[in-house]
Amino acid sequence: MMSQMIYPTTNFASVETLNIVRGDGVYVYDNQGKQYLEGMSGLWCASLGFNNAELIEAAKNQMETIAYAHMFGGKTHEPGMKLADKLSSMVPVDNARVFMGSSGSDANDTQIKLLRYYFAAIGKPEKRKIIARERSYHGVTVGAACLTGLPINQTNFDLPIEALGVLRTDAPHYYRGKKDGETEAQFVDRIVGNLADLIEREGAHTIAAFIAEPITGASGVIVPPVGYYDKVQALLKQNDILFIADEVITGFGRTGNDFGVTTMGIKPDMMSFAKQLSSAYVPISASVIRGDMYDAMVEPCSKLGVFGHGYTYSGHPVACAVALKTLEIYERDNMFAKAAETGAYLQSRLQEFADHPLVGEVRGAGMIAAVELVANKETGEAFKDGKVGYFAANACQEHGLISRPVAGSSLALCPPLITTKAQIDEIVEKMGKALNDTLAFVK
Ligand code: PLP
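Residues 1 to 443, numbered by UniProt numbering, are exactly what the sequence shown covers, in order.
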């Protein structure tokens with residue numbers, strides 16, 4: 001179907017449209033009536049499926065009460081204040097303060113601004129660089145895209161902007177990053193050693209923060225090896241560098257716990273959220289910081305000038321009402337514990353693909369996973385380009401499963417948290433068929 005649309009993150013030269021017209025639980029339907037199990041929750045986000053009646057009702061009720069109100073200069077409203085307090089009570093950040101926006105990208109842009117403002121307020125304006133990892137994904141607005149470490153988000157856009165001071169360190173992916181004969185522990189020591197060298201070289205007094213997705217998404221669902229975060233955190237602490245956990249994908253029950261930081265044993269200073277905060281029904285994001293960081297900015301604000309950062313839709317009341325209802329459902333239905341159980345089942349079923357001739361690595365935690373396809377199973381040699389990954393994702397689609405090719409030739413899965421074990425079986429069956437089709441394609 002032709003349209004005037006400029007499609008996001010798309011090859012303009014080969015746009016293949018899939019016109020989704022309706023959703024029901026974890027299933028979506030195209031304009032031909034074909035059913036797909038949405039194994040990616042859209043873009044890692046629709047945790048409660050695609051037509052949750054309570055979320056629809058929450059949006060409708062809020063629109064009927066007041067459809068829009070803003071929060072500049074202290075204007076406020078109940079759903080916004082309630083959501084900030086609820087989120088603050090849930091996150092493992094002391095006396096957390098919450099800033100709201102509409103997307104994961106803007107949440108990370110806000111973190112950059114909060115860092116700058118905070119360090120200016122405490123008299124350390126030179127502490128401003130941010131360490132991000134190779135292959136990380138933190139969004140695509142100009143600021144967030146500088147943090148992102150994937151070439152397609154920077155090449156052709158003249159990014160990163162030098163002045164932003166983004167430093168790059170290793171991706172913690174043992175399977176892809178290990179050197180000959182290196183054990184996991186040696187790999188961790190080497191890459192944390194590289195991080196230590198980077199900090200030493202740049203000077204800790206110039207570095208504000210380290211940002212990481214506890215478990216990555218778009219870069220191929222990387223679960224760092226045991227010990228990695230302990231060593232990274234010790235190093236950061238030693239050097240007075242803050243830890244920003246980008247929980248845009250991993251937040252709210254995705255990885256087998258409430259947050260990715262819980263799964264990975266991280267004590268963050270700042271956290272970014274979006275996606276599952278509202279089950280993606282309405283765009284909303286949150287940038288969370290330690291309470292004492294906020295307190296330190298209060299007095300100096302009269303000297304520094306107003307914190308000049310805010311969006312028209314910061315704390316949009318409809319988004320806040322839907323997010324509040326989403327968090328209520330998570331709690332009431334014991335959703336994180338249930339998803340942990342279903343997630344363990346997903347991980348164990350996916351391990352059945354480990355012996356498949358095309359599969360190099362099966363990895364994940366809870367309800368997020370990736371199956372990496374390789375040209376040579378023995379050596380782990382990767383496919384030269386993304387064609388095989390795209391073929392495999394299309395084959396999944398043919399069989400009625402939506403997956404997504406990430407990091408070249410890995411097939412990602414991130415099904416809604418409400419997915420049942422029977423539906424996990426359906427995912428595995430459909431993906432198995434697609435892997436066999438892909439094997440025939442590459443031969
Ligand atoms: N951070 C992470 C970890 C993400 O996965 C994403 C999006 O996938 C973003 C940030 C950006 O979020 P958005 O697309 O809502 O701007």
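The C-beta atom is built at its ideal place from N, Cα and C for all residues, glycine as well.
These numbers were taken from a predicted model, which means no experiment stands behind them.
Rounded separation between residue 407 and residue 105 - CA only: 19 angstroms
Anticipated Cβ contact below 8 angstroms, residue 44 with residue 303, distance rounded: About 41 angstroms separates the two Cβ atoms, so there is no contact after all.
Cβ pair residue 218, residue 137 closer than 8 angstroms: yes
Per-residue burial, residue 403 [other beta carbons within 10 Å of its own, 16 or more giving buried]: buried
Boundaries of the alpha helix (DSSP H) in which residue 472 is found, first to last residue: Limits of the chain in this structure are 1 at one end and 443 at the other, which puts residue 472 out of reach.
Identity of the residue in 300, 77, 14, 117 nearest residue 319 by Cα: 77
Cα-Cα separation between residue 405 and residue 393, rounded to whole angstroms: 6 angstroms
Sub-8 angstroms separation of residue 130 and residue 215 beta-carbons: no
Residue range of the alpha helix (DSSP H) that includes residue 229: 228-238
Residue 277 CB to nearest heavy atom of the ligand PLP below 7 angstroms: no
Residue 228 beta carbon near the ligand PLP (any heavy atom closer than 7 angstroms): no
Given residue 37 as reference, the closest of 441, 438, 425, 439 once Cα atoms are compared: 425
Proximity of residue 271 and residue 234 at Cβ, strictly below 8 angstroms: no
Alpha helix (DSSP H) runs contained entirely in the segment 334-360, provided each spans 4 or more residues: 335-350
In DSSP terms, what residue 169 is bridged to: 133
Proximity below 8 angstroms, CB of residue 79 to CB of residue 317: yes
Residues that DSSP places opposite residue 273 in a beta bridge: 286
Residue 52 versus residue 418: straight-line alpha-carbon distance, rounded: 11 angstroms
Short Cβ contact (8 angstroms threshold) for residue 314 with residue 370: no
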